[in-house]
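Presented below is the structure to which this report refers.
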Amino acid sequence: MLRVMVQALKIMVVLVLAAVIVLSAQRALDAQLRGTAAAAGQPVIFDVQPQESIDSIAERLHESGLIRSPTYFKFRVRLTNADTRIRAGRFTLYTGMSVNQIIQTLTTAPGVQVVRVRFLEGWRAEQYADELVRVGILSDPNRFLDALRASRWQTRFPFLADVPPNGTVEGYLFPDTYEFRIDATPDEIVQTLLENFDRRVPVEDRARAQALGRTFYQVLIIASIVEREARVAEERPVIASVFYNRLRENMPLQADPTVQYALGSPEDWWPSLENIRDLGAVNSPYNTYRNAGLPPSPICNPGRAAIEAALSPVQTDYLYFVTRGDGSGAHVFARTYEEHVRNIREQHGR
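Residue numbers (this note's numbering): 2 to 351.
Shown next, in the form of structure tokens:
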């Protein structure tokens, strides 16, 4: 009888140990299945790039706090043959989701393709529109251009108050790298650009225009010309000083990019002026050879450095500059017209 009881006790101990092992294993598995210990239900926007590898997706899910183990995630993906079914696009995942739930979302949710777009410093609005067509977000560039009317945005963005009611938000389309849904509307795109401008050029910087005796919109116009003129970063504040000095002396700016802006077309938005003998003959309010003062609006969308140069020009008495003849893009500056003519002769032999 005692032997039977001892044997039964041994069996019970084995069963208890087995149950403990199974329970521990189950808890460990649950820990892997349940993404992380983070507070459940917090939304996380997660983008899957076209042709992105499972290894990359797993690592980024881990970095985003959505899974504990990239290795276990990859194991589950391959076990369920999901590696060929994960879709590119933007997904909303939540902390606390299980690995299986994450996989199901990435393979069955209607992921919206996200397109990365880079707008360069010095581009005019038409170039932005062309780029949006090129990457497949828009089919008609005019839809973007139609969305730029300042009157549509001035209530939402008070920093546009100085823009004439019939003007556009040219100059405020902050050049940067953006990500847009493939089905983004022109209004959504413009709003994103203006919001970025508000962040990158905050109100305290815009207020610095007052110390120059200018509105910020006027400073932005100067910044747009500086952006197109300067090829050497260190020269931006010097070029800005030339324009301020000329305005102070009631001299026309005589900035070539303003004429290029006036003559721009879909064939070439910034055409060469080499074959135009009399730049003053180009009839446009943007032609600063023909018209005194500033052009009516920015001629492009300047980057942060050009805006900073226009807000903080160095103190000089330069009134002229000409590009060097060595192809460096740098300029030679002059205080007098005679000195300027000499510089032209020395740099370009004419």
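All C-beta atoms, glycine included, are put in the ideal place defined by N, C-alpha and C.
#1: Assuming Arg157 is part of the beta strand (DSSP E), what are its boundary residues?
#2: Please classify Gln316: is it buried, with 16 or more other beta-carbons within 10 angstroms of its beta-carbon, or exposed?
#3: Could you spell out where the alpha helix (DSSP H) holding Asp206 opens and where it closes?
#4: Please name the residue, chosen from Ile183, Thr186, Pro203 and Tyr218, that lies closest to Asp163 on a Cα-to-Cα basis.
#5: Who are the near neighbours of Val333 in its chain, counting only those whose CB is closer than 7 Å to its CB and skipping five residues on each side?
#6: I think Ile223 touches Ala148, with their Cβ atoms under 8 Å apart; what is that distance to the nearest whole Å?
#7: With the cut-off set at 9 Å, would you say Glu53 and Pro267 are in Cβ contact?
#8: Just list the alpha helix (DSSP H) runs in the region 117-204, keeping only unbroken ones of 4 residues or longer that don't cross its boundaries, in chain order.
#9: Return the first residue and the last residue of the beta strand (DSSP E) that Thr85 is part of.
#10: Exposed or buried, what is Ile46 when buried is set at 16 or more other beta-carbons lying within 10 Å of its beta-carbon?
#11: In the DSSP assignment, what are the bridge partners of Thr337?
#12: Can you name, in chain order, every residue of its own chain whose Cβ lies under 8 Å from the Cβ of Asn197, other than the five neighbours on each side?
#13: Is the beta carbon of Ser225 less than 9 Å from the beta carbon of Pro314?
#14: Give a yes or no on whether the C-beta atoms belonging to Ile58 and Val100 are separated by under 9 Å.
#15: Below 8 Å on the Cβ atoms is my guess for Ile87 versus Leu107; work out the distance and round it to an integer in Å.
#16: Applying the criterion that 16 or more other CB atoms from any shown protein chain within 10 Å of the CB defines a buried residue, is Asn251 buried or exposed?
#17: Roughly how many whole angstroms lie between the Cα atoms of Asn292 and Arg249?
#18: Quick check: the Cα distance between Gly304 and Thr81, rounded to an integer number of angstroms?
#19: In whole angstroms, give me the CA-to-CA distance for Leu213 and Asn246.
#20: By how many angstroms is the C-alpha of Pro71 removed from the C-alpha of Asp31?
With the structure as the only source:
#1: It is not in any beta strand (DSSP E) - Arg157 carries neither H nor E in the DSSP assignment.
#2: exposed
#3: Val204 to Arg207
#4: Tyr218
#5: Phe322, Val323, Arg325, Asn344 and Gln348
#6: Between Ala148 and Ile223 the Cβ distance is about 26 Å, and since that is not below 8 Å, they are no contact.
#7: no
#8: 126-135, 142-147 and 187-201
#9: Run containing Thr85: none; DSSP gives neither H nor E here.
#10: The residue in question, Ile46, is exposed, as its Cβ has fewer than 16 Cβ neighbours within 10 Å.
#11: Thr337 pairs with nothing; no bridge assigned.
#12: Excluding positions up to five away in sequence, the list reads Phe175, Asp177 and Tyr179.
#13: no
#14: no
#15: 5 Å
#16: exposed
#17: Spanning the two alpha carbons is a distance of roughly 15 Å.
#18: 48 Å
#19: In a straight line, the C-alpha of Leu213 is about 12 Å away from that of Asn246.
#20: Confidence at Asp31 is low in this model, with a pLDDT of 48, below 50, so its placement is unreliable and no value can be given for it.
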